[in-house]
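*Asks:*
In the working numbering, the protein residues as written are 204 to 776.
1) My guess is that residue 777 and residue 667 are in contact by the Cβ rule of under 8 Å, so how many angstroms apart are they, rounded?
2) Which residue spans inside the stretch 548-603 form an unbroken beta strand (DSSP E) run of at least 3?
3) Using the Cβ count rule (16 or more neighbours within 10 Å means buried), how would you classify residue 425?
4) Can you list, in chain order, the residues of its chain whose CB lies under 7 Å from that of residue 271, leaving out five sequence neighbours each side?
5) Could you check if residue 518 is buried or exposed, using at least 16 other CB atoms within 10 Å of its CB as the buried criterion?
6) Does DSSP put residue 301 in a helix, in a strand, or in coil?
7) Could you check what DSSP says for residue 466 in three-state terms: helix, strand or coil?
8) One question on the structure: do residue 642 and residue 689 come within less than 7 Å of each other, judged by their Cβ atoms?
9) Can you tell me whether residue 255 is helix, strand or coil according to DSSP?
10) Please return the same chain residues whose Cβ sits closer than 6 Å to the Cβ of residue 657, not counting the five positions on each side in sequence.
11) Quickly, what does DSSP pair residue 629 with across the bridge? List them, please.
12) When you compare each of 730, 700, 716 and 233 to residue 485 by their alpha carbons, which one comes out closest?
13) How about residue 639 and residue 571: are their beta carbons less than 7 Å apart?
14) Using 7 Å as the threshold, is the C-beta distance between residue 468 and residue 452 below it?
15) Spell out the partners DSSP gives residue 685 in its beta bridges.
16) By the three-class DSSP mapping on this structure, what secondary structure does residue 481 have?
17) For residue 588, which residues of its own chain have a beta-carbon under 6 Å away from its beta-carbon, when the five flanking residues on both sides are left out?
18) Can you give the Cα-Cα distance for residue 523 and residue 509, rounded to whole angstroms?
19) Going by beta carbon distance, what residues of the same chain come within less than 8 Å of residue 586, once the five residues before and after it are set aside?
20) Does the distance from the CB of residue 177 to the CB of residue 496 come in under 7 Å?
21) Does residue 539 come out as helix, strand or coil in the three-state DSSP assignment?
22) DSSP state of residue 213, grouped into three classes?
23) In chain order, what residues of the same chain have a beta carbon less than 7 Å from the beta carbon of residue 525, not counting five sequence neighbours either side?
24) In whole angstroms, what is the alpha-carbon distance linking residue 429 and residue 703?
25) Taking the DSSP output, what are the residues bridged to residue 707?
26) When you compare only the Cα positions, how much space is there between residue 549 and residue 722?
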């Protein structure tokens, strides 16, 4: 892909393309090299750059007539020789730096794969076929028959090495969101994984090349992204026995997300990473500092708790009078402040906590409305907007449209966003999304909600990072989100490091269900203030880039989206 990006489309040549890919993959057999070139051209055919897309389409149209170098590379020759001596089942064979156990393809040996056993059976007249293939390559210069090999590469790769997933093994809808589509070390293998997972939603029967999985699993693990890609391939390889936890792990790993919170998938992802990579993720999770409450807010909170503690009978009414007097005194000097906001929140909780605790059958909408009321008090001196009522996420929709290029069964005109319980926005631009569930929901439902919420917020973060920041600016931004189950919840962050995402917990939050619970609400109030200040900082950071993006769109310039998020397609009809 580097050759196509670094060379103008009009300067592309078969010799230049082949030599560039051969330099990048010195040990890859010629057939697989040509397959890689063709796959990249297919992706470039959907590029936003019209010249790139047009030239890629032209090359694909003329694929059978392209004159790629015919000489056999030393690495390929040695691979063919090694393949000729390999047995087709149970053989431990090495090609370059890649080791295969039994499943070999595209290296000069023909293997018939049994999709149930995963092993190959050697075809008859194997050596004759090898010699015949070599001879046909040499004769192709004069006869023009070498084009047949290029045309048949895709069919050979699909039919000779595949495993089949049946209808009852398909993924559930919306399990894979989102991913960084361009990975510096594994872009080709990641695109292959994306296509496989995309097909799981679009088809009832999915065929996946075994060799592709083997190549990924045998690849050296250099970065955390490499480890996540290997984990995704491993889960796909054993998909028929995958449970919900494994499926959630797939949706995270293929999305290049490392979740450091305490969830069932964390254990699976943790085992796939080296100790150094896991420590790097933890360092990111522990790098965010939560400031203490403002002094005035801290003092009024302590005074309210003291009144409630000393006067059990009339403590609530006395605390309300004290808060009202403190608010009146503060308003002598300012119209609004953090102190006034905290006072109004405490008054709201004291008046309603007992009712919340005794009430039965409260829905997630009820608990969402209560927390949003607190946010309204907290954010009233800002330009931030709280959207409640399952508003669709445009960040999710934009990434879904971009990812529809992986398939042909969807139309972008029918794409919709994912509905979110609460969206934080600045000038109709999404900053984060938060989700609620009822207290009666099961642990499995909580895990599912967490998995989805993390990926949706990664979509939002990706959209933020695609804004046209000034090159001298450092868009060091992250997303802060909340997940609630009834009156208890957790504050989380999603941050991008290099080319993967890290998810971490900032602390637990809750809404008191009795006045006696108010004392422990201090830490929750501190986290809610951080939630506010983070979004204010994010708002200031993106204000200029957001205005720049909208100006460019109005003037007719095209804003180039990276399109680096993988979004789950809808199931094919």
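Glycine included, C-beta positions come from ideal geometry on N, C-alpha and C.
*Replies:* Let's see:
1) In the structure as shown, the chain starts at 204 and stops at 776, and residue 777 therefore has no counterpart that could be examined.
2) 588-595
3) Your numbering for residue 425 matches position 222 in the chain shown. Classification of residue 425: exposed, given that the 10 Å Cβ count is below 16.
4) Counted from its first residue, the chain shown places residue 271 at position 68. Beyond the five residues adjoining it in sequence on each side, residue 271 comes within less than 7 Å, by CB distance, of 217, 221 and 237 in the same chain, given in chain order.
5) Position 315 of the chain shown, counting from 1, holds the residue named residue 518. Flag for residue 518 reads buried.
6) Position 98 of the chain shown, counted from the start, is the residue given in the question as residue 301. For residue 301, the pLDDT reaches just 28, beneath the cut-off of 50, and the residue's location in the model is therefore unreliable, although a value from the coordinates is still provided. It is a strand residue.
7) Against the chain shown, residue 466 aligns to sequence position 263. Residue 466 falls in the coil class under three-state DSSP.
8) Within the chain shown, numbered from 1, the residue matching residue 642 stands at position 439. Within the chain shown, numbered from 1, the residue matching residue 689 stands at position 486. It is a contact, given that the beta carbons lie within the stated cut-off.
9) The residue labelled residue 255 in the question sits at position 52 within the chain shown. Here residue 255 sits in helix by DSSP.
10) In the chain shown, residue 657 corresponds to position 454, counting from 1. Same-chain partners within the cutoff: 706.
11) If you number the chain shown from 1, residue 629 lands on position 426. The partner list for residue 629 (beta bridge, DSSP) reads 632.
12) To locate residue 485, count along the chain shown from 1; it is residue 282. The shortest Cα separation from residue 485 among 730, 700, 716 and 233 belongs to 700.
13) On the chain shown, residue 639 is found 436 positions in, with the first residue counted as 1. On the chain shown, residue 571 is found 368 positions in, with the first residue counted as 1. Taking 7 Å as the Cβ cut-off, residue 639 and residue 571 qualify as a contacting pair.
14) Looking up residue 468 in the chain shown gives position 265. Looking up residue 452 in the chain shown gives position 249. Contact flag set, yes.
15) Locating residue 685 in the chain shown gives position 482, counting from the first residue. For residue 685, DSSP records a beta bridge to 694.
16) As a working mapping, residue 481 is identified with position 278 in the chain shown. Assigned with DSSP and collapsed to three states, residue 481 falls in helix.
17) Residue mapping note: residue 588 aligns to position 385 of the chain shown, counting from 1. Cβ within range, chain order: 628.
18) Position 320 of the chain shown, counted from the start, is the residue given in the question as residue 523. Position 306 of the chain shown, counted from the start, is the residue given in the question as residue 509. If I take the Cα positions, the gap works out to 13 Å.
19) Indexing the chain shown from 1 puts residue 586 at position 383. Residues of the same chain with a CB within less than 8 Å of the CB of residue 586, apart from the 5 flanking positions on each side, are 629, 630 and 742 in chain order.
20) The question about residue 177 has no answer here: the residues shown for the chain are numbered 204 through 776.
21) Reading the chain shown from its first residue, position 336 is the one you call residue 539. In the structure shown, residue 539 sits in coil (DSSP, three-state: anything other than H, G, I, E or B).
22) Reading the chain shown from its first residue, position 10 is the one you call residue 213. Three-state DSSP puts residue 213 in a helix.
23) In the chain shown, counting from the first residue as 1, residue 525 sits at position 322. Cβ within range, chain order: 506, 507 and 510.
24) Taking the chain shown and counting its residues from 1, one reaches residue 429 at position 226. Taking the chain shown and counting its residues from 1, one reaches residue 703 at position 500. Taking the straight line from one Cα to the other gives about 10 Å.
25) Along the chain shown, one-based indexing puts residue 707 at 504. Beta-bridge pairing links residue 707 to 696.
26) If you number the chain shown from 1, residue 549 lands on position 346. If you number the chain shown from 1, residue 722 lands on position 519. Rounded to the nearest whole angstrom, the C-alpha separation of residue 549 and residue 722 is 11 Å.
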